[in-house]
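Read through the structure below, which is laid out as structure tokens, and then see the notes.
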Amino acid sequence: MKLVIVTGMSGAGKTVALKMLEDLGFYCVDNLPITLVDKFVQLVCGGSEIKQAAIGMDIRSGEDLSCLDAILSRWRKQELEFYVLFLDASDAILIKRFKETRRSHPLAAAGRLDKGIEKERAKLEFLKRDADYIIDTSQLLTRELKVELEKIFLEDQDYNNMFVTILSFGFKYGIPEDADLVFDVRFLPNPYYVEELRLLTGEDEAVRRFVMKGGTAAQFLSRLYDMIDFLLPNYIKEGKNQLVVAIGCTGGKHRSVTVAKALCSHLQGSEKYGLKIEHRDVDKDNKRK
Numbered sequence: 047m048k049l050v051i052v053t054g055m056s057g058a059g060k061t062v063a064l065k066m067l068e069d070l071g072f073y074c075v076d077n078l079p080i081t082l083v084d085k086f087v088q089l090v091c092g093g094s095e096i097k098q099a100a101i102g103m104d105i106r107s108g109e110d111l112s113c114l115d116a117i118l119s120r121w122r123k124q125e126l127e128f129y130v131l132f133l134d135a136s137d138a139i140l141i142k143r144f145k146e147t148r149r150s151h152p153l154a155a156a157g158r159l160d161k162g163i164e165k166e167r168a169k170l171e172f173l174k175r176d177a178d179y180i181i182d183t184s185q186l187l188t189r190e191l192k193v194e195l196e197k198i199f200l201e202d203q204d205y206n207n208m209f210v211t212i213l214s215f216g217f218k219y220g221i222p223e224d225a226d227l228v229f230d231v232r233f234l235p236n237p238y239y240v241e242e243l244r245l246l247t248g249e250d251e252a253v254r255r256f257v258m259k260g261g262t263a264a265q266f267l268s269r270l271y272d273m274i275d276f277l278l279p280n281y282i283k284e285g286k287n288q289l290v291v292a293i294g295c296t297g298g299k300h301r302s303v304t305v306a307k308a309l310c311s312h313l314q315g316s317e318k319y320g321l322k323i324e325h326r327d328v329d330k331d332n333k334r335k
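Each residue of the sequence shown is one higher than the one before, counting from 47 in my numbering.
Structure representation (structure tokens):
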């Protein structure tokens with residue numbers, strides 16, 4: 047019997063995760079009253095035909111949520127096999143999602159969203175602290191979340207809670223608000239001033255060769271690799287679960303894309319973290335013309 051407690055911040059994607067687990071063959075129950083949790087687990091573990099179950103539990107349980115800590119502790123002492131999946135996202139992303147959907151936060155009442163999110167984080171701290179899996183959905187598309195859940199619950203792969211996003215951008219469109227590390231590569235040769243390269247992007251080999259000529263880019267990348275290789279294990283050790291490495295040039299089309307691709311290639315293949323690359327501004331110049 048595989049039992050998963052799906053929890054986390056409001057707006058982080060718990061409902062979507064439960065639907066995905068259901069597609070993977072889990073019997074899913076959302077917002078089950080705390081007083082019925084033990085009974086439900088007894089039923090599914092006591093000879094039931096259900097082989098996989100997921101229970102959605104979060105701040106909607108109100109004051110009873112604190113009782114879940116004792117229940118989980120008791121299950122651990124009884125050596126009941128279960129996993130806690132915690133869905134999280136940055137405050138800025140959660141606020142953005144609530145505003146887009148025009149939903150009210152369960153703890154905000156008539157007050158500000160950020161205060162409600164702060165209260166919720168405090169109340170859910172015990173669940174995040176002991177979670178087996180923490181997925182930060184700040185930078186994840188729905189299909190990418192599905193891939194991560196399949197890795198954990200379908201393919202039984204080892205999973206680490208760190209997810210790294212390599213993001214290229216243009217300074218003239220603003221520095222990404224969610225960037226953890228920002229690197230400015232405007233010192234590299236600029237293909238924009240070469241007519242035959244101007245309409246191409248860092249995805250093209252001709253642009254990559256131009257950016258890399260002279261050896262400066264190679265030296266920079268060598269030092270960048272060393273820094274990232276040093277930082278990632280330490281971030282993981284500290285419990286960080288989302289890292290956005292932003293690489294910026296003027297327009298976000300040539301140099302930043304080239305360097306972002308090189309860094310992503312360097313990091314690929316590790317089983318210690320998830321990885322994705324995104325080019326935020328690569329097409330913006332074309333759209334403005």
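In this text, a Cβ means the ideal position worked out from N, Cα and C, and glycines have one as well.
*Provide the residue(s) that pair with H325 in DSSP beta bridges, ordered along the chain.*
S214
*Under the three-state reduction of DSSP, which class applies to T296: helix, strand or coil?*
Here T296 sits in coil by DSSP.
*Any idea what DSSP makes of F72, helix, strand or coil?*
DSSP places F72 in coil when its eight states are reduced to three.
*With 7 Å as the threshold, decide whether the Cβ of A99 is near any Cβ in chain B.*
Absent from the structure: chain B. Only one protein chain is present.
*asked:* Can you tell me where the alpha helix (DSSP H) holding K97 begins and where it ends?
replied: Note, K97: premise wrong, no alpha helix (DSSP H); not H, not E.
*Give a yes or no on whether the C-beta atoms belonging to D331 and Y219 are separated by under 7 Å.*
no
*Simplified DSSP state of L126, which is helix, strand or coil*: coil
_Using only the alpha-carbon positions, how far apart do V253 and L246 sit?_
7 Å
*asked:* Can you find the residues in the same chain that come closer than 8 Å, C-beta to C-beta, to D224, ignoring five residues on each side of it along the sequence?
replied: S136, A138, I139, S184, Q185 and V290
*Taking D230 as part of the beta strand (DSSP E), name the residues at either end of that continuous run.*
L227 to D230
*By DSSP, does I221 sit in helix, in strand, or in coil?*
coil
*asked:* G294 and F215 - do their beta-carbons sit closer together than 7 Å?
replied: yes
*Just curious, the beta strand (DSSP E) that L49 is in, first and last residue?*
Residue range K48 to G54 is occupied by the beta strand (DSSP E) that includes L49.
_Quick check: F132 and K97, are their CB atoms within less than 7 Å of each other?_
Not a contact, by the Cβ cut-off of 7 Å.
*Just the Cα atoms here: how many angstroms apart are S103 and R143?*
Note that residue 103 corresponds to Met in the displayed sequence, not to Ser. Those two C-alpha atoms are separated by around 20 Å.
_Residue span of the beta strand (DSSP E) that contains Y281, given as start and end_ = Per DSSP, Y281 belongs to no beta strand (DSSP E); it is in the alpha helix (DSSP H), T262 to K283.
*asked:* If contacts are defined as beta-carbon pairs under 8 Å, then Y238 and I282 qualify, I think. What distance do you get, rounded to the angstrom?
replied: The pair is not a contact, with the Cβ atoms about 37 Å apart (cut-off 8 Å).
*In angstroms with no decimal places, state the Cα-to-Cα distance between K335 and E241.*
Caution is warranted here: a pLDDT of 48 is assigned to K335, below 50, making its placement in the model unreliable, and the coordinate value is therefore given only provisionally. For K335 and E241, the distance between alpha carbons rounds to 16 Å.
*Determine contact between the segment 118–128 and the segment 57–73, defined as no fewer than three beta-carbon pairs at a distance below 8 Å.*
Counting Cβ pairs under 8 Å, fewer than three are found: no touch.
*State yes or no: is the C-beta of N287 within less than 7 Å of the C-beta of D182?*
yes
*So, using beta-carbon positions, are L159 and M66 closer together than 7 Å?*
no
*Quick one: what's got a C-beta closer than 7 Å to L234's C-beta in the same chain, skipping five residues either side?*
V257, T262, A263 and R301
*Limits of the unbroken alpha helix (DSSP H) element including I139*: Looking at the DSSP string, the run of the alpha helix (DSSP H) that includes I139 is D137 to T147.
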